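Asker: Right, I'll just put the structure down here and ask away after.
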Amino acid sequence: MKEIRVRFAPSPTGSLHIGGVRTALYNYLFAKKLNGKFIIRIEDTDQNRYVDKAEEYIYDSLRWLGLEADESVEKGGPFAPYKQSERLDIYKKHAYDLVEKGWAYFAFDTAEDLEQAREKSKEGGVSTFQYNAATRMLMKNSLSLSPDEVEQLKQNQPFVIRLKVPKKEEIRLNDLIRGWVMVHSSTMDDKVLLKSDGMPTYHLANVVDDYLMKISHVIRGEEWLPSAPTHVLLYQAFGWQNEMPLFAHLPLLLKPEGDGKLSKRDGMLHGFPVFPLSWTDTETGNVISGFREEGYLPEALINFLAFQGWNPGTEQEIFSIWELIEAFSLERIGKSGTRFDIQKAKWFNHYYLQQKPDVFFAEAISKVLEPCGLWKEGKKLGAWVNLVKSRSSFVADMLTEIRQIATWPVAPDEETLKSKWNEDAKRGLIAFSDLLAEREDWSAEELKFVFQSEMEKLGIKPGKVLPNLRMALTGKAAGPDLMTIAEVLGGTISAQRMRDSLQRFSLLTGI
RNA sequence: GGCCCGUUCGUCUAGGGGUUAGGACGCAUCCCUUUCACGGAUGAAACACGGGUUCGAUUCCCGUACGGGCUACCA
């Protein structure tokens, strides 16, 4: 059997879109599943749209997600270079070969010429001008001009090389996801292969590289399906039809609501990331934060992304990268576009956050606690994590909550104070604060017991005191378990906060 | 407009000629709880439409509608 070799071939024209990340993931999973090679090839043939930082961004993103390439610009490999701008001679040679074989031709039409042709066909009622078998003899190219004229023009004018698409031919393509796709060559146009600046177009470079790099499967977004027949034709033209890779065109990621595919704007509109890492817009200088900065764990993003368009056919939803590799197959990729479901991503993140050990949060938590003079000696980490983890989907959620608890409660929730504060509550609070002050290191269980028996002794219902205790300790009406909060704060601070609050409450309510 | 691709709960999807059409997210209700969450339980919620084929179609075929992509010397 042929070696499995797949490639992710982004072009460095901006941030890596999350859809691109999914394409990379599927390529990676497919390669690893079948013991093949995952290759990253940089398709930087558009000089106008080239963005300097983009290539590095692609590597950083994939590295963050653990999608490491077997062959790439960074890593090298038997088919280097893996950057198209360093392979220009190869494309040029192949383009000229095609001209020689009669499969391509030189075209001298200027932008204005083409514009005119388009105008004219619109007037004639044809909606879109096509440069093809029907029109090419009307244009300025090496098919319509005499050899002398061609030589002359080649000397003095920029020109492109175009594919000579046959007039009447059925182009067939068996897509792994969509089945047979048939297109008549009369509806295709003579795509430019080599641009006038000497750069290849995607079509040429892609086919040449996939062939030379022995790519076995082309797994890419559905936006490429319309040009796939051109690529098939190119394989035929080069005489590589027997080495042609298998194609799998992935369904697109759609906007969460409304029409169209997911875009940068959607993220900003709905307040969720669409980039893996934060990206600084080259034109505006605006920083758009990414999944990583928003607190998504890489394993959660991977798991989530895997399910946007693929499913294992079982009811299992939580998959490690290893399990994904094991379970992945092209056959189980859906055909229809997928609306981007950020809720599901959050749910995955919540799950994966719960799996993290306490030390994972140590640094972030200590940064919040230290300015508040808490947790200096580092021994209460587990208790702090315990307090907030299960309620959180992101580390930031945990920190927000911890910050609220760590901050001295100077402004009690007035609603609660008005409705809950009374003489009984006051008595209970005074008694409990005295008890708390006796010791520093209480456990939540001990406190619970002490509290309960004290309230019993005083003949006060615990429910009357508890909301006020929360107010006294944190200033808030809602939050995590109270006794655990007291444990984590320690006896001294807890008692101090309560006495402090007692005074404040009196001042505010007269009780 | 032309060409190509698609269409099962709001969303991601399973299924497939005869099923109570299954799961997950989200939503609602209940339980747990001082509270907000977490967790647990329950519930509402879908085969786009019209023709065939068939004893029978959500499933196969054809149309229509709708959605998407492409239609550049962008990828």
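Residue numbers (this note's numbering): 934 to 1444. The beta-carbon is built from N, C-alpha and C at its ideal position, and this holds for glycine as well. Remember, it's a predicted structure, so these values are computed and weren't measured experimentally.
1) Taking the alpha-carbon of Phe1237 as reference, which of Tyr959, Val939, Phe941 has the nearest alpha-carbon?
2) Closest to Leu949 by CA distance: which of Ala1066, Ser1211, Asp1108 is it?
3) Do the region 1152–1172 and the region 1039–1049 meet, that is, are 3 or more Cβ pairs less than 8 Å apart?
4) Which residues mark the beginning and the end of the alpha helix (DSSP H) in which Met1331 is found?
5) Which runs of the alpha helix (DSSP H) spanning at least 4 residues fall entirely within the region 1239–1309, listed in chain order?
6) In three-state DSSP terms, what is Val1059?
7) Can you name, in chain order, every residue of its own chain whose Cβ lies under 6 Å from the Cβ of Leu1307, other than the five neighbours on each side?
8) Starting from Phe1224, follow the alpha helix (DSSP H) in both directions and report where the run begins and ends.
9) Compute the distance between the beta-carbons of Leu1332 and Thr1271, then report whether it is under 7 Å.
10) According to the Cβ coordinates, are Tyr1064 and Asp1122 closer than 7 Å?
11) Quick check on the burial criterion: 16 or more other C-beta atoms within 10 angstroms. Buried or exposed for Ile1298?
12) I'd like the span of the alpha helix (DSSP H) that includes Trp997, first residue to last.
13) For Phe971, which of helix, strand or coil comes out of DSSP?
14) Does the separation of the CB atoms of Phe1205 and Gly1223 fall below 7 Å?
15) For the alpha helix (DSSP H) containing Ala1138, name the first residue and the last one.
16) Flag this pair as yes or no: are the beta carbons of Gly953 and Pro943 separated by less than 7 Å?
17) Please name the residue, chosen from Lys1359, Leu1391, Ser1376, Arg1430, that lies closest to Thr1442 on a Cα-to-Cα basis.
18) Cα-Cα, which of Leu1350, Met1416, Ser1352, Glu1019 is closest to Glu1379?
19) In this structure, how does DSSP classify Val1398 when only helix, strand and coil are distinguished?
20) Indicate the three-state DSSP secondary structure (helix, strand or coil) for Lys933 in the structure shown.
21) From which residue to which residue does the beta strand (DSSP E) around Tyr1038 run?
22) Whole angstroms are fine: how far does the CA of Ile1444 sit from the CA of Lys1353?
23) Identify every residue that forms a DSSP beta bridge with Met1388.
24) Could you have a look at Asp1123 and say whether DSSP puts it in helix, strand or coil?
25) In the DSSP assignment, the beta strand (DSSP E) including Asn1107 goes from what residue to what residue?
26) Nearest to Lys1390 by CA position, among Leu1402, Ala1364, Leu1399, Pro1231, is which residue?
Answerer: This is what the structure holds:
1) Tyr959
2) Ser1211
3) no
4) 1328–1339
5) 1254–1260, 1275–1288, 1292–1302
6) coil
7) Ala1339
8) Where Phe1224 is concerned, there is no enclosing alpha helix (DSSP H), given that its DSSP letter is neither H nor E.
9) no
10) yes
11) buried
12) 987–998
13) strand
14) no
15) 1135–1145
16) yes
17) Lys1359
18) Met1416
19) helix
20) As displayed, the chain neither begins before 934 nor continues past 1444, which places residue 933 out of reach and without an answer.
21) 1037–1040
22) 12 Å
23) According to DSSP, which records beta bridges pairwise, Met1388 is partnered with nothing at all.
24) coil
25) 1103–1108
26) Ala1364
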